[in-house]
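Beneath this line is the structure, given in structure tokens, with notes to follow.
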Amino acid sequence: MPKDPILRIEDVVKKFGEVVALDHCSFAIEPGTITGLIGPNGAGKTTLFNLITGVLQPDQGHIYLKGEEITGKRPYEIARKGVGRTYQIIRIFPKMTLFENLIVVGKGTGKKVTERAMELLDLVKLSDKKDDYASDLSFGQQKLLSLAQVLMLDAELIVLDEPAAGINPTLQNDLMTLIHQLNRAGKTFIIVEHDMNVIMGHCQNAIALNYGQKIAEGSCDAIQKDESLLEHYFGR
Amino acid sequence: MLDFLEILIRGLMLGSVYALVGMGLTLVWGVVGIVNIAHGEFVMLGAYFAFWAFSLLHINPLFSIALSIPVFFFAGVVIHRRITERLIKEHELSALILTFGMSILIWNLAQFLWTNTYRSVPYLTGNFPFMGLVFGKSKTVSFGLAFLITTAIFLFLRYSKWGKAIRATSQNSEVALVCGINTMKMRMLTFGMGIGLAGAAGAIISLQWVIFPQMGGSYISKAFAIVVLGGLGNIHGALAGGLIIGILEALVTQYLSAKMAQIIPSVIILIILLLRPTGLFKK
Amino acid sequence: MKRRFGNKNRVWLGIVLLMIFLISIPFFATDYWITLLTLILIFTVYAAGWNLFSGLTGYTNFGLAWFIGSGGYVSSLLIADYNFFWLFAWPIGALFTSIVSIGVGYILLRIKGVYFAISMVALTEGTRELFGTEYLTPITHGGKGVPFIAGIKLPTLYWAILVLAFLTLMICYRIFSSKYGLRLLAIREDEQAAETLGIHTTRDKILAFVLSAFMVGLAGAIHFTYQNYIDPSFAFSIHLTLTPIVMTLFGGVGTVFGPVIGATLFTFIHEILWAELTLLYMAIFGGILMVLILFFPQGLLGWMKERGILPRIRKI
Numbered sequence: 152m153p154k155d156p157i158l159r160i161e162d163v164v165k166k167f168g169e170v171v172a173l174d175h176c177s178f179a180i181e182p183g184t185i186t187g188l189i190g191p192n193g194a195g196k197t198t199l200f201n202l203i204t205g206v207l208q209p210d211q212g213h214i215y216l217k218g219e220e221i222t223g224k225r226p227y228e229i230a231r232k233g234v235g236r237t238y239q240i241i242r243i244f245p246k247m248t249l250f251e252n253l254i255v256v257g258k259g260t261g262k263k264v265t266e267r268a269m270e271l272l273d274l275v276k277l278s279d280k281k282d283d284y285a286s287d288l289s290f291g292q293q294k295l296l297s298l299a300q301v302l303m304l305d306a307e308l309i310v311l312d313e314p315a316a317g318i319n320p321t322l323q324n325d326l327m328t329l330i331h332q333l334n335r336a337g338k339t340f341i342i343v344e345h346d347m348n349v350i351m352g353h354c355q356n357a358i359a360l361n362y363g364q365k366i367a368e369g370s371c372d373a374i375q376k377d378e379s380l381l382e383h384y385f386g387r
Numbered sequence: 242m243l244d245f246l247e248i249l250i251r252g253l254m255l256g257s258v259y260a261l262v263g264m265g266l267t268l269v270w271g272v273v274g275i276v277n278i279a280h281g282e283f284v285m286l287g288a289y290f291a292f293w294a295f296s297l298l299h300i301n302p303l304f305s306i307a308l309s310i311p312v313f314f315f316a317g318v319v320i321h322r323r324i325t326e327r328l329i330k331e332h333e334l335s336a337l338i339l340t341f342g343m344s345i346l347i348w349n350l351a352q353f354l355w356t357n358t359y360r361s362v363p364y365l366t367g368n369f370p371f372m373g374l375v376f377g378k379s380k381t382v383s384f385g386l387a388f389l390i391t392t393a394i395f396l397f398l399r400y401s402k403w404g405k406a407i408r409a410t411s412q413n414s415e416v417a418l419v420c421g422i423n424t425m426k427m428r429m430l431t432f433g434m435g436i437g438l439a440g441a442a443g444a445i446i447s448l449q450w451v452i453f454p455q456m457g458g459s460y461i462s463k464a465f466a467i468v469v470l471g472g473l474g475n476i477h478g479a480l481a482g483g484l485i486i487g488i489l490e491a492l493v494t495q496y497l498s499a500k501m502a503q504i505i506p507s508v509i510i511l512i513i514l515l516l517r518p519t520g521l522f523k524k
Numbered sequence: 102m103k104r105r106f107g108n109k110n111r112v113w114l115g116i117v118l119l120m121i122f123l124i125s126i127p128f129f130a131t132d133y134w135i136t137l138l139t140l141i142l143i144f145t146v147y148a149a150g151w152n153l154f155s156g157l158t159g160y161t162n163f164g165l166a167w168f169i170g171s172g173g174y175v176s177s178l179l180i181a182d183y184n185f186f187w188l189f190a191w192p193i194g195a196l197f198t199s200i201v202s203i204g205v206g207y208i209l210l211r212i213k214g215v216y217f218a219i220s221m222v223a224l225t226e227g228t229r230e231l232f233g234t235e236y237l238t239p240i241t242h243g244g245k246g247v248p249f250i251a252g253i254k255l256p257t258l259y260w261a262i263l264v265l266a267f268l269t270l271m272i273c274y275r276i277f278s279s280k281y282g283l284r285l286l287a288i289r290e291d292e293q294a295a296e297t298l299g300i301h302t303t304r305d306k307i308l309a310f311v312l313s314a315f316m317v318g319l320a321g322a323i324h325f326t327y328q329n330y331i332d333p334s335f336a337f338s339i340h341l342t343l344t345p346i347v348m349t350l351f352g353g354v355g356t357v358f359g360p361v362i363g364a365t366l367f368t369f370i371h372e373i374l375w376a377e378l379t380l381l382y383m384a385i386f387g388g389i390l391m392v393l394i395l396f397f398p399q400g401l402l403g404w405m406k407e408r409g410i411l412p413r414i415r416k417i
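Residue numbers (the working numbering), protein chains in the order written: chain A, 152 to 387; chain B, 242 to 524; chain C, 102 to 417.
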């Protein structure tokens, strides 16, 4: 039996005054995939993330998570249902320690949460800094912390807004390795990236947006072959 | 019908002065980023300025009003340079508390120096009869002066070099900085203008109402309502907001009671913040 | 394994000794001192209550007097007009305030930043003016206030507020060192990020707001019983909102014991100034406030933590 898509966007419209940020957008994401979300600035990618995570409500259309409708639900409800998200401009809790940054996300108290937090700090190789304030971390380390927070949530669907931006290639490599590791363990990813190498090199599928509309959807191979499409819209 | 017209005009006259106070506050809040709780105290100082000039030096209050503008402008510039500029980068609570301390300092000092005795400037007495309606001379002249000052401010902000720089700083201070605008200087200027407006408003008020050390309190609440109504930093909105508050006050005082009119600023603030937090008017 | 009399036990011993001392005050001190301590304790609860909500969530509550006045009025009117026993009037006043604050919090906590602060001021001012209008005067006695006697002796009142202050501080200590406290901090650091990380921000901040309302409302009820008089212009005054805030600032916002230290130091300074320089003391208070904010924004405890004199842990 074919699996339900983990995320389904159905005919979603979002306007800000006169500006149409998302124009009847529809697509589906299969579980266990890594999908790239590409498009020029202002195409509506971050708005899409905001709609998926409940920060904004669509003016029209529906969003389904694992078959259940989440349109109009509050961010914390959606997060608890298994959606984790990072931001383009890193948003962690600066005046809390790394350990606290993770603990606060975990459900409940007690040993299980503490252990999980330490596990995740180990995973992102930041355990030695557990009692440092998050604001003391470097840019790249903050990105890792932010990813660890999402993992603390035990999210099945993880949406990352430009995870590779602004960090050195080694760290980028570590990050992508981690993402593949988690993907093999069953997590689904949607990644916004401008760096085509990252998209083509790591994603199985891609969705292209422009002016709020979906202009392409499919496997990365297919899209890569369709050079003319990309050139037409992105002027490469 | 005539009654209603009279109330409306009375409200406009009241509102014109409130607008001056509100414009000063919104300017400082929007451009400098500081919520000056002591703004009402400068209105009070403006009133006392006109009073002492009149009773000690026999200076014509109209002249005092004109004089108050540069005097208070200068005071504002100095205060900003020495005190408030330090808090620009801090959390907004800090500026709030600082100006609150300043407010307490000023009105208590005023109380200590000049006592609570009600003062007044009985310079313009009597009424203007006009088309069957009667208007106090002092109120009418005040309205005219407020109108003049408002126009001057608008023209300054629209056409002068500094005015444009101030508007740029209020819209995006980082970009303004990059464009070579000395944002610190602009903030000083704007703060000065804000205080200047407060002082002038106070001097105008001295013509019409009693003067006492705590009078700033009622003006600051109205000023807040005006800023919220008109939109932060929006001078035109503040003008409209001031007039609206004035008219509402006149109407409620007439048809309900003076005491009920006191609730207006609070109600307005709550309603606007809940329904249209950016204010009624577009920038 | 030998049991060592470690730091923690020493601290507890210190607290127990302090409490014994404070409880026994009415047996040997003059009325002047009992009164002074009563006021310090009342303002400690005000300050700690403010700090619990605003210090952690970052939502600056400039309407503390609304909690105080509401709790104070409900309690005082019950005692004055309906002959309630103070032991019942007080908690009813606090309960009223906290129940209404659920609604207030639900509506007003959608507003952020300075605007939230202003909306709380507007609420307080509006309520104060409302109480003075002809429409509500039949119930509230309007502007002229309500003089009343509650049939309670000073030592009893003192003990009551002592218990409340102790409980308040214990609750604050527990919350500050709990995960709930951490969630409130997260709301202060970045509310939207907290939400997308699964934190139920609405519920968490309203809970803190209501808790704060209850404690402060209860202290307000006690305060006005002590004064034997209540009127709108004092009960809802900006002075009652700002003094606890200043006290907390003095001691250190976001620390547990900052409010106590601030309240104590402050009241003593206030007493000295008032005694020596009656007419000018408020002006000097304003000046001190300005100096504090400009040069010691973290307060005494914050400064001590920074210097390493105190450990930088959250629970103090």
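Think of the CB as a built atom: it goes at the ideal place given N, C-alpha and C, for glycine as much as any other residue.
If you check the beta carbons only, do residue i and residue j fall under 7 Å apart?
| i | j | result |
| --- | --- | --- |
| B/Gly-265 | B/Gly-435 | yes |
| C/Ile-362 | C/Leu-401 | yes |
| A/Pro-226 | C/Thr-303 | no |
| B/Gly-437 | B/Gly-256 | no |
| C/Ala-294 | A/Val-255 | no |
| C/Leu-142 | C/Leu-341 | no |
| B/Thr-340 | B/Ala-279 | yes |
| C/Pro-345 | C/Phe-197 | no |
| A/Leu-173 | A/Gly-195 | yes |
| C/Met-271 | C/Ala-148 | no |
| C/Leu-157 | C/Leu-285 | yes |
| B/Leu-514 | B/Leu-470 | no |
Consider the Cβ of residue i: report whether some Cβ of chain C lies at a distance smaller than 7 Å.
| i | result |
| --- | --- |
| B/Ile-505 | no |
| A/Tyr-227 | yes |
| A/Gln-293 | no |
| B/Glu-333 | yes |
| A/Ala-230 | yes |
| A/Thr-204 | yes |
Please determine, among the options, the residue with the shortest C-alpha to C-alpha distance to residue i.
| i | options | result |
| --- | --- | --- |
| B/Leu-337 | B/Ile-320, B/Gly-487, B/Ile-275, B/Val-284 | B/Ile-275 |
| C/Lys-213 | C/Tyr-133, C/Ile-250, C/Glu-292, C/Leu-343 | C/Glu-292 |
| A/Asp-312 | A/Ser-286, A/Ile-203, A/Lys-365 | A/Ile-203 |
| A/Met-347 | A/Ala-315, A/Gly-363, A/Asp-282 | A/Ala-315 |
| B/Tyr-259 | B/Leu-497, B/Phe-315, B/Pro-454, B/Ile-390 | B/Ile-390 |
| B/Leu-286 | B/Leu-298, B/Phe-314, B/Thr-431, B/Val-273 | B/Phe-314 |
| B/Gly-367 | B/Ser-498, B/Ile-320, B/Val-375 | B/Val-375 |
| C/Asp-182 | C/Val-215, C/Ala-130, C/Leu-210, C/Pro-248 | C/Pro-248 |
| C/Ala-384 | C/Leu-395, C/His-371, C/Ile-394 | C/His-371 |
| C/Trp-151 | C/Gly-355, C/Gly-409, C/Phe-397 | C/Gly-355 |
| A/Gln-375 | A/Lys-365, A/Val-343, A/Ala-359 | A/Ala-359 |
How far does the beta strand (DSSP E) with residue i in it extend, from its first residue to its last?
| i | result |
| --- | --- |
| C/Phe-277 | Counting along the chain, C/Phe-277 falls outside any beta strand (DSSP E), though it belongs to the alpha helix (DSSP H) covering 255 to 277. |
| A/Leu-308 | 308 to 312 |
| A/Asp-396 | The question about residue 396 of chain A has no answer, for chain A in this structure spans 152 to 387. |
| B/Asn-368 | 368 to 371 |
| A/Asp-162 | 158 to 167 |
| A/Tyr-215 | 211 to 216 |
Tell me, please, whether the CB atom of residue i is closer than 7 Å to any CB atom in chain A?
| i | result |
| --- | --- |
| C/Lys-103 | Low per-residue confidence applies at C/Lys-103: pLDDT is 47, beneath 50, and the placement is therefore not dependable, though the value from the model is reported in the following sentence. Judged by the 7 Å Cβ criterion, C/Lys-103 is not in contact with chain A. |
| C/Thr-297 | yes |
| C/Leu-114 | no |
In terms of residue numbering, what span does the alpha helix (DSSP H) encompassing residue i cover?
| i | result |
| --- | --- |
| C/Glu-230 | 214 to 233 |
Query raised in the report: Does the pairing of the segment 330 to 347 of chain C with the segment 211 to 227 of chain C give three or more beta-carbon distances under 8 Å?
Result: yes
Query raised in the report: Touch check for the segment 448 to 468 of chain B and the segment 348 to 355 of chain B: three-plus C-beta pairs under 8 Å?
Result: Flag = yes, the segment 448 to 468 of chain B and the segment 348 to 355 of chain B touch.
Query raised in the report: Does the count of Cβ pairs from the segment 328 to 340 of chain A and the segment 258 to 269 of chain A closer than 8 Å reach three?
Result: no
Requested in this report: Count the C-beta pairs between the segment 488 to 502 of chain B and the segment 120 to 132 of chain C that are closer than 8 Å, then say yes if the count reaches three, no if not.
Outcome: no
**Report entry** Cβ contact (3+ pairs, closer than 8 Å) linking the segment 315 to 329 of chain B and the segment 183 to 202 of chain C
**Finding:** no
Requested in this report: Could you tell me whether the segment 177 to 194 of chain C touches the segment 309 to 327 of chain C, using the rule of 3 or more Cβ pairs below 8 Å?
Outcome: As far as the Cβ criterion goes, the segment 177 to 194 of chain C touches the segment 309 to 327 of chain C, which means the pair count is three or higher.
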